[in-house]
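Chains as they are written, first to last, in this note's numbering: chain A, 1 to 467; chain B, 468 to 792. Heads up, the thing below is written out as structure tokens.
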Amino acid sequence: MAFEVMMPRLGWNMEVGALATWRKQDGDAVEAGEILFEVESDKAVQEVEALDSGILRIPPDSPALGQTVPVGTVLAYLVKPGEAVPVQAKPAAAAPAPVQPQAPAPTVRDEAPRRTARQQPAISPRAARVASELGVDWTGLKGSGRTGRIVERDVRQAATALAAQPLAPAAAPFSGRVSPVARRVAEELGVDLAQLAAQLPGRRIERADVEAAAQAAADQRAAAQEAAKKAAAPAPAGARTLPISQVRRVTAERMATAAHTTAAVTLTTEADATELVRLRQQLKDNGATVVPSYNDLLGKLTAQALLEHPQVNARFEGETIIQSGAVNIGIAVDTERGLLVPVVRDVQAKSLRQVAEVSARLIDQARTGHISMDDLRGGTFTITNLGMYEIDAFSPIINLPECAVLGVGRIVAKQVVLDPEAEKVAIRRMMFLSLTFDHRLVDGAPAARFLQRVKLYVEKPYLWLTQ
Amino acid sequence: MREMTFVDAAREGLAEEMARDASIFVVGEGIGARGGNFNTTVGLYDLYGEQRLRDTPISERGFTSMCVGAAATGARPVIDFMFIDFMTDAFGEMFNQMAKLQWMSSGRLKMPVVVRGCVGVGPSNAAHHSGNYSPFFMHIPGFHVVMPTTPADAKGLMKTAIRSDDPVLFLEHKNLLPLKGPVPDGEHLVPLGKAAIAREGKDVTLVGIAFMVKQALAAADQLAKDGISAEVIDPRSLAPLDIDTVLASVHKTGRLLVVDEDFAPCGAAAEIATQVMERGFDDLDAPVKRLNGLFCPAPYSPALMQNLLPTPPTIVQAVRDLLAE
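This is the structure:
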């Protein structure tokens, strides 16, 4: 009879564990008492002995290394030579049930979204209807339903996020079926062809479709304005009633989500920015057309520090942590419409001049309302600078799904102690750096080491220039 | 408004109709001087005697067939089977004669018969005394089926059933008989084919069959503590079925759980789920979920009964699973 090798309960409170590694391979002969595998539970890794002897047989549906499973899960079998591997038997139901078929049941993988025969993600009928009503392209959504199905709440969330974007056509040219005239009219009227195509599946988009969509959008905007006017009750004397703009709505939702999801901790340090100020002055005096701003400088040296501290350039994704190889830095920009965070991609690979040119363009686009959705996404780190408003230090809110955000204060001439023994003081240019990080992703000491590195690069800029 | 038990309210409905119409008579085992095993006719024998309250031998096919003949010749019989399980001996009479004679006679023969009996699983009632059988009657053209859950509905539907010129199954769940509730004074009729919203809500729709309405309401109370607002619908009639009320609710909530202690295959829950799928497909955010009794004959042992039927905790869990979809 085959012996089952199960995930053991190694501690009184242990409920789940992950198989760290097999110390014997499939097909090896195992003696009772030999180390058979290693288990990672909570923070410790433990060796586990085989309790029986036999040939080790690891079935194809055995949990993968690193996959967390409940205590008691069968990992493998120890069989006699020539004995067949048992199949997964289901526990007997109360009523007599027909015998289950032979193939062991695959474990339900909640991470992989369900796909229908046409390789599209599964979506509930109600969600599909709502998606059509709200003009949401659902094929890229991730379902929050237990079975991975896209449901109504997913579509409504996507619609809210989508509504914050300006009506400018998408950056990438639309690749579906559309007549040339319709394409031109869409660009003129600012109609998003991808959204329109989602509402008219399987059809070639014609001019009439585009004009109807533009008219519908205009009607909706007019109706919304009318409703907002009607809804505004006469305010008490001296008060102003304002409708909630889409940017405000999205900002509110994202800030609230970050506030109640992340374990936010803010570290502050005062850096001696005298050398950095000197560097920037030299660049200015050099007569360059585009002078890097302090944000550009901080972006470059933060990128260098992030390459050395990949834990901080990370995010959660499902059941994994992704440490990004690229450093894409978002710059918080105050615009008439509200807070926008355009992203400079691959800062680590760009020269300081390139970073300055890209950031200047993005900030201008953000301020004039011409920034594309792609340029507002994909950041791995954010810099927010309130120095120009005489703010010293603050506790910025993390820009999910990023790990950390750097708040920059004003540069102030201060008297500082250079050498306490010699009682030597000097006037230096000091700047507070406030790093808010997500303690779920990275711990205090590594985050502090990262900030310390940033501080070092601020104080000695030539060090990051030569990395 | 008076507070009465379900069984007293149903009997009051029967008594009022018998007083109105002398052609109504009741037939069954022990419904005469004894007043019925479930007290369905207490006091009526004293009023009308054996002309209108006729005790029968244990011969279900015999007395059913007698009532079919009586109905065909102008009377209005009420057949009281006591336990609806006993009706199975009269299947042939009911399905081949009672259900069809109106059509086969081109309407010359009328079948104003009320067939009543107690349904449902009671403690240790075991395999021969726990049947529901409502799907059988839902499935055959010619029958109406009503399953009231409140005393007011019991009285109102009994009167409507008796006044109907078609065969009506009046199925009363054993566990509901002693439950008290308000019954309006004066004339009170409840129409066939009209559901009642037992509790309003917005997050999920629960449809209960007979006693399961009460269990669903208890579950809804529990769910409300966790901020889940469940709408509970009591269909009251299973044939004709008021699917529009269910559809309106699903349009609001997007998710439907049907709780029926009867077996799953081809049951009332299956019919409701299919009709909602057919007509409310675009309102569904998740597949319709059914919670039924276990597919096995009702046991005698109390220990085996523990997991047999939906209970408020299992209904609560089913709702949580449904909302997680």
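Where is the CB? At the ideal position from N, CA and C, for every residue including glycine. Only a predicted model underlies this, so the values are computations on that prediction, with no experimental measurement involved.
Each residue's CA atom was taken as its position, placing Asn592 (chain B) and Ala685 (chain B) some 24 Å apart. Looking at the backbone, the Cα of Ala736 (chain B) and that of Pro618 (chain B) are separated by about 23 Å. Annotated three-state conformation of Thr741 (chain B) is helix, per DSSP.
Each residue's CA atom was taken as its position, placing Ile427 (chain A) and Ser351 (chain A) some 32 Å apart. Exclusion of the five residues before and after Ala785 (chain B) leaves Leu724, Lys756, Leu758 as the residues of its chain whose Cβ lies within less than 7 Å of its Cβ. Annotation: the region 682-731 of chain B contains the following complete segments of the beta strand (DSSP E) (minimum length 3 residues), in chain order: 697-701, 704-706, 723-727. DSSP links Phe381 (chain A) through a beta bridge to A:Ile329. Ala263 (chain A) is positioned such that its CB atom lies no closer than 9 Å to that of Arg153 (chain A). Cβ-Cβ separation between Leu189 (chain A) and Ala214 (chain A): approximately 4 Å, consistent with a contact (criterion under 8 Å). At the C-beta level, Val155 (chain A) and Val136 (chain A) come within 9 Å of one another. Secondary structure at Phe762 (chain B): coil, using DSSP grouped into helix, strand and coil. In terms of beta-carbon proximity, Glu698 (chain B) stays away from the interface with chain A, with every pair separated by 9 Å or more. Taken in chain order, the complete beta strand (DSSP E) segments of 3 residues or longer contained in the region 507-549 of chain B are 520-522. Asn399 (chain A) counts as buried, since at least 16 other C-beta atoms from the protein chains shown sit within 10 angstroms of its C-beta. Contact annotation: Arg703 (chain B) and Thr616 (chain B) have beta-carbon atoms nearer than 9 Å. Within its own chain, the residues whose Cβ lies closer than 8 Å to the Cβ of Gly499 (chain B), once the five positions on either side in sequence are excluded, are Thr508, Tyr512, Glu517, Leu520, Arg521, Asp522, listed in chain order. In chain order, Leu418 place their CB closer than 7 Å to the CB of Lys424 (chain A), counting only its own chain and leaving out the 5 sequence neighbours on each side.
Cβ proximity to chain B below 8 Å picks out Gly145, Arg146, Thr147, Arg149, Val151, Glu152 from the region 142-155 of chain A. Annotation for Tyr462 (chain A): the continuous alpha helix (DSSP H) segment containing it runs 461-465.
Apart from sequence neighbours up to five positions away, the residues of its chain that approach Thr720 (chain B) with a beta-carbon distance below 7 Å are Lys669, Asp670, Val671, Thr672, Glu698, ordered along the chain. The Cβ-Cβ distance between Val30 (chain A) and Ile58 (chain A) does not fall below 9 Å.
Judged by DSSP secondary structure, Gln323 (chain A) falls outside any alpha helix (DSSP H) and instead within the beta strand (DSSP E) spanning 320-323. Annotation: Pro121 (chain A) has no Cβ neighbours in chain B at a cutoff of 7 Å; minimum Cβ distance is about 15 Å.
Here Pro658 (chain B) carries a coil assignment [DSSP, helix/strand/coil]. The residues Val265, in chain order, have a CB closer than 7 Å to that of Gly444 (chain A) in the same chain once the five nearest residues on each side in sequence are set aside. Where His260 (chain A) is concerned, the enclosing alpha helix (DSSP H) starts and stops at 246-261. When secondary structure is reduced to three states using DSSP, Gly559 (chain B) falls in the helix class. Under the Cβ criterion of 9 Å, Ser124 (chain A) is counted among the residues facing chain B. Taking C-beta atoms as the reference points, Ser490 (chain B) and Gly529 (chain B) fail to come closer than 9 Å.
Per DSSP, reduced to three states, the secondary structure at Phe432 (chain A) is strand. Ala366 (chain A) is outside the set of residues whose beta carbon lies under 9 Å from a beta carbon in chain B. The C-beta of Ala127 (chain A) comes closer than 9 Å to at least one C-beta of chain B. Around the Cβ of Trp570 (chain B), a 10 Å sphere holds fewer than 16 other Cβ atoms; the residue is exposed. Under the DSSP assignment, Pro70 (chain A) falls in the beta strand (DSSP E) whose first and last residues are 68-70.
The beta-bridge partner set that DSSP reports for Gln415 (chain A) consists of A:Ile427. Fewer than three pairs of CB atoms, one per stretch, sit closer than 8 Å, so the region 264-278 of chain A makes no contact with the region 358-369 of chain A.
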